[in-house]
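Structure, as structure tokens:
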Amino acid sequence: MSIEETIKFAKNSIERLFNNPLDIKTYGYLLEDIDLKDSYQYEITGDNYVWKQIFDITVRNDDWWTYYVLLKLDFNGKIVVKDSLKIILETEKKFDLYIDLWFKTDRIQYTYRLLDKKYKIIKDYVEQIENTNISLGIYSLLNNNIRFNNKNFLQFASDIIRKSRNLNVCIKDNIIDDIARISQDLEYLLGEISQLKNYVGNYTSNPQLFDGKIYYMYDMSFIDKRYFFLIGVMFEVLYNFWDRIGDLLAIYFTPNLPEKQIYFPIVIDNIQSPYIQSPNYIWLKNFKDNEYNLLNIWRKKVVHYLNVESEYNKIYRSKFDNKAELLQLQDEKIGLTDILKNHFKLTISGFMKALLLIDEIN
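Positions in the sequence shown are counted from 1; adding 748 to them yields the working numbering.
This is the structure:
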């Protein structure tokens, strides 16, 4: 089929969603301000569909779909709510929808995502985060830009974990899977933090004169709150990543450790000769004694004492008449992003070192 024929076929399929019972588990977000109940039947009725192509069709460089296009669908319709066959509510609504359409042309094969305006805003924001990551070179373990001895994450991990060794271990694929997913979490957290960094408030931007003295007023914005919140979350998720690395290493190197003692630093300190002479172990030990220790100080503070926002607000309130110290505090606030970016890079290196250490076992 041609591109035009495939798109037309997909459009017809989308239009058939309407004037038929609607799957509210999938498309309930289209019924805004409607109280959804499983016992009711919902329909969106409409006609005179107006289609527009928003951008040029793009060719995709992946194994799943050949083409992508963003479409827009507008129509005047009604939301109809039925209890059995009885109509209990009927309300008019103008629908402005966007459709992400992925497709192939060698056969009739496509998939789509239906977005209302709010969904589109969320999608665009996520894409901005992804673009930020690309521009800054922030890639999770699962990204094809990350290679280990010219292998991707799955090839590298599988070759080592499934390799036959003179060691009776229970291979836990869920740990490897969890490490990969945590790495993706860190990628998105760091992308959003990096994006927000440019818009956080400045402690010295609003000087006010009182009784002959200058005070610097700072109002916490939503962006500041989210920036601080995500930084705190990322410290916790980084700790979680290394906890999983500790779980993996314990299977091979410290199988007799009680479960309640299986934490990354304890596992590292209990690995025995001959592996403690390994450059891979030395890297992990040095990381544990330095960067990991500082990371854990931040994590403990966030979890048990003060979150990041409260910590910085406490310092600001003690210095809000001192411009020089507030400028330094501002630099430290912005600098948290670079600290986290460095820690994210260390997760990539640390994963490789942990796997290579495992691979030293005969």
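For every residue, glycine included, the Cβ atom is placed at its ideal position computed from N, Cα and C.
Between the options, which lies nearest to residue i when the distance is taken from Cα to Cα?
i	options	result
phenylalanine 803	Asn809, Tyr816, Glu791 and Thr793	Tyr816
isoleucine 1014	Ser1026, Asn1028 and Ile993	Ile993
leucine 1074	Leu1084, Tyr936, Tyr1060 and Asn760	Tyr1060
methionine 749	Tyr846, Asn988 and Asp854	Asp854
threonine 952	Ala1102, Gln789, Tyr1064 and Glu791	Tyr1064
glutamate 875	Lys1071, Asp848 and Ile856	Asp848
isoleucine 1082	Asn796, Leu944 and Ala905	Leu944
asparagine 881	Glu940, Glu1080 and Gln857	Glu940
aspartate 959	Asp1069, Arg808 and Phe766	Asp1069
lysine 865	Tyr1040, Asn946, Glu780 and Asn1055	Glu780
lysine 834	Gly794, Lys820, Ser787 and Tyr797	Ser787
isoleucine 734	Asn954, Val948, Asn796 and Leu1105	What the structure shows of the chain is the stretch from 749 to 1110, and residue 734 is not part of that stretch, so it cannot be assessed.
Pick helix, strand or coil for residue i, following the three-state DSSP scheme.
i	result
asparagine 1004	coil
phenylalanine 976	helix
isoleucine 836	strand
glutamine 1020	coil
lysine 785	coil
phenylalanine 766	coil
asparagine 1028	helix
isoleucine 1109	coil
serine 761	helix
aspartate 771	coil
Leaving out five residues before and five after residue i in sequence, what residues of the same chain have Cβ atoms less than 8 Å from its Cβ?
i	result
glutamine 956	Ile962, Tyr963, Tyr964 and Met965
phenylalanine 989	Ile927, Ile930, Ser931, Leu934 and Thr1095
proline 1022	none
Can you give me the Cβ contacts of residue i inside the same chain, cut-off strictly under 7 Å, excluding the 5 residues immediately before and after it?
i	result
phenylalanine 696	This structure does not reach residue 696, given that the chain is present from 749 up to 1110, and the question cannot be answered.
lysine 871	Leu863
leucine 1043	Phe983, Leu986, Tyr987 and His1091
asparagine 900	Asn892
asparagine 950	Gln1078
isoleucine 909	Ile919 and Ile924
tyrosine 936	Ile877
Opposite residue i in the DSSP bridges: which residues?
i	result
glycine 825	Gly794 and Lys841
lysine 820	Lys800 and Tyr846
lysine 830	Gln789 and Ile835
valine 807	Tyr815
Please go through the same chain and pick out, in chain order, the residues whose beta-carbon is closer than 6 Å to the beta-carbon of residue i, but skip the five residues on each side of it.
i	result
lysine 868	Tyr846
asparagine 824	Lys842
tryptophan 1031	Lys1101
phenylalanine 1001	Ile1019
Contiguous alpha helix (DSSP H) assignments of at least 4 residues, all confined to the stretch 841-888: 865-884
Residue ranges of each alpha helix (DSSP H) within the stretch 881-963, 4 or longer: Uninterrupted alpha helix (DSSP H) stretches at least 4 residues long and entirely within the stretch 881-963 occur at 901-909 and 921-945, given in chain order.
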